[in-house]
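In what follows, a single structure is set out as structure tokens and then discussed.
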Amino acid sequence: MDPRILLAIPLLPLAAAIVAGLFGRLIGRTAAHVITIAAVGASFVFSARVAWQLVTGEVGVFNESAYTWLVSDGMRMEVGFLVDHLSVLMMCVVTFVSFCVHVYTIGYMHDDPGYQRFFSYISLFTFAMLMLVMSNNFMQLFFGWEAVGVVSYLLIGFWYTKPSAIFANLKAFLVNRVGDFGFVLGIAAIAYYTGSLDYRDAFAAAPALADVSYALTDTWTVSAMTLICVLLFVGAMGKSAQVPLHVWLPDSMEGPTPISALIHAATMVTAGIFMVARFSPLFEQSEAALSFVLVVGATTALFMGFLGIVNNDIKRVVAYSTLSQLGYMTVALGASAYGAAIFHLMTHAFFKALLFLAAGSVIIGMHHEQDIRKMGGLAKVMPITAATCWIGALALIGTPFLSGFYSKDFIIEAAHESNRWGATYAYWCVLLGVFVTALYTFRMVFMTFHGEPRWGQGHHDSDHHAQDEHGHGHGAGTPHESPWVVTVPLILLAIPSL
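Spelled out as structure tokens, the structure:
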């Protein structure tokens, strides 16, 4: 495996982000999006090539350090890459969804004065996520973890003159700090017990750590491995928005729709799921930690679905569906069905990005109206958006023979077959969650695209004036189909959603 290609995959989006961010005014809007789209597209091509080489057996797993940053008291802090089947899958998903979002952004943000800045941010977001999934040590993972959080803060508050956006990005930042505190403590505990930040050393020491007891009180002892895994999972609860650290995710809808798609589909919220799957050799040493994961995931899967039923903002309905589906992935992790969790992560990335971008297309066509009660009958005037949204919706509810059906079925089966404490509760939660998912999804789609048109007057409500103040308007009037730069990414994402 050529190390130069592995270096190019994360560094191309970084270089494009620097050029678009620092020199955006000099090079202009067109050059900014051409450079960033070309960089992310090249990263996807390189990722697909590496995946093909790995799957066909042309090359083996790559696990080497590229650069030693610091050596302190015998502990090495390095920049390195671990490229195996898990990481190449994530690399392909992240770069493909990011590429579609980049193209979509041309149409969605074309009137926005922060056009170049937005392209810089989403390319930087892609770089941060790639560094996270390709890392072979805890220090680099933590760098990518925090970088994803910082860039999400910038993107959620992209319209920084809008008070609700500033409140939302501050809320996201602070809630994630709570989770990250646990994550840092978990990494510190690993460094303390193993004297290393390398994955291999931590995995090798895991069985021994399961036998080390730590006294929390005079009467209550817990194994060091359980403590480490719970602390690491607290970080995942923040990043992947599990109950009770879920409160930031619905408010992240205050950012532009393209970044909602990127956060919810391929980058930030999947980081926690990926992290637990990557550290499965650690979690498998602690039944208590996995039971905790199982119960938290099941609770999130069901109750976030209930909240999706009572929301009328089209983006918030899709956001609560993300919370629910992340709960499904967490249940799979708790049931030790790591393959099912990553399979659902992959299928979910495609159909959830599709649903968010379709919601953005509706918002464009409706001249920035987001209330589904003021829509209806849009299938006649937005046929491409309606057709692709239906594909994403059917995949989300688990319609037989679509991608979401297979991945969700594996998770339900894993919960049913598990003998772990909390598995019965998890099984009934995810089973009932299937019906709840169908209810809020059909409600959203039918109220948006079917029935009598309800868009005769009052397209602009007070909550969305700030977007138009940023030049983010397309003129009032009858709803219309979105331009090709918006509909082509929808079609591209509909294909893997089938």
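Start counting the sequence shown at 1; every next residue gets the next number (the working numbering). Think of the CB as a built atom: it goes at the ideal place given N, C-alpha and C, for glycine as much as any other residue. Quick caveat, the model's predicted, so the values are computed rather than measured.
What's the call for Phe233, buried or exposed, on a 16-neighbour Cβ count within 10 Å?
buried
Rounded Cβ spacing between Leu333 and Gly365 (contact assumed at less than 8 angstroms)
Actually they are not in contact, since the Cβ atoms of Leu333 and Gly365 sit about 38 angstroms apart, beyond 8 angstroms.
By the DSSP assignment, the alpha helix (DSSP H) with Trp159 in it spans what residues?
Note, Trp159: premise wrong, no alpha helix (DSSP H); not H, not E.
Where does Phe343 sit, in a helix, a strand or coil, going by DSSP?
helix
Residues near His85 by beta carbon distance below 7 angstroms, same chain, minus five either side:
Leu54
Measure the CB-CB distance between Arg316 and Pro250 and report whether it falls below 8 angstroms.
yes
Nonlocal neighbours in the same chain, by C-beta distance under 6 angstroms from Ala265, ignoring five residues either side:
Val97, Ala349, Lys352 and Ala353
Cα separation between Gly238 and Val247?
9 angstroms
Euclidean distance between Cα positions of Ser8 and Val293:
Ser is not the amino acid found at residue 8; the sequence shown has Ala there. Cα to Cα, Ala8 sits roughly 35 angstroms from Val293.
How is the beta strand (DSSP E) around Gly235 delimited, first residue to last?
Here Gly235 belongs to no beta strand (DSSP E); instead the alpha helix (DSSP H) covers Ala224 to Lys239.
Which two residues bound the contiguous alpha helix (DSSP H) that contains Phe46?
Gly24 to Val55
Where does Met75 fall in DSSP's three states?
strand
Could you give the DSSP three-state label for Arg81: helix, strand or coil?
According to the sequence provided, residue 81 is Phe. The question's Arg does not apply to it. Strand at Phe81.
Ser280 by DSSP, collapsed to three states: which one?
helix
Would you mind reading off the limits of the alpha helix (DSSP H) that contains Ser324?
Ile314 to Gly334
Could you give the DSSP three-state label for Ser213: helix, strand or coil?
strand
Among the residues of its own chain, which have a CB less than 7 angstroms from the CB of Ala414, if the five just before and after it don't count?
Ala332, Ala335, Ala337 and Ala340
Using 8 angstroms as the Cβ pair cut-off and three pairs as the minimum, do the segment 135-154 and the segment 218-233 touch?
no
Who does Leu197 pair with in a DSSP beta bridge?
None, per the DSSP bridge assignment.
Within 10 angstroms of its Cβ, does Phe62 collect 16 or more other Cβ (buried), or is it exposed?
buried
How many angstroms separate the CA atom of His480 from the CA atom of Ile384?
11 angstroms
Considering only the alpha carbon of each residue, which of His367, Ala393, Phe142 and Ser407 lies closest to Tyr108?
His367
Tell me whether the segment 38-48 and the segment 164-177 touch, counting them as touching only if at least three CB pairs, one residue from each stretch, are closer than 8 angstroms.
no
Determine the DSSP secondary structure at Glu513, reduced to helix, strand or coil.
Outside the modelled stretch of the chain, which goes from 1 to 498, sits residue 513, for which no answer is possible.
Segment limits, alpha helix (DSSP H) that includes Arg117:
Tyr115 to Met134
For the alpha helix (DSSP H) that Val295 lies in, which residues bound it at each end?
Glu287 to Ile309
Check the DSSP bridge columns for Tyr356 and list the partner residues they point to.
The question names Tyr, but residue 356 in the sequence shown is Phe. According to DSSP, which records beta bridges pairwise, Phe356 is partnered with nothing at all.
Taking 8 angstroms as the threshold (C-beta atoms), are Pro256 and Phe118 in contact?
yes
Distance, Cα to Cα, Val59 vs Leu197?
26 angstroms
Pairwise C-alpha distance: Phe283 and Val276:
8 angstroms
The alpha helix (DSSP H) that contains Glu417, what's its start and end?
Ser403 to Glu417
Per DSSP, what kind of secondary structure is Trp390 in: helix, strand or coil?
helix
Could you work out which residue in Ala51, His344, Met447 and Val436 is closest to Ala359 when comparing CA atoms only?
Met447
Cβ-based neighbour list, Ala17, same chain, cut-off 6 angstroms, excluding 5 preceding and 5 following:
Ser120, Ser123 and Leu124
For Asn169, which residues does DSSP report across the bridge?
Beta-bridge pairing links Asn169 to no other residue.
Within a Cβ cutoff of 8 angstroms, which residues of the same chain sit near Thr388, ignoring the five residues on either side of it in sequence?
Leu354, Ala358, Thr487, Leu490, Ile491, Leu493 and Ala494
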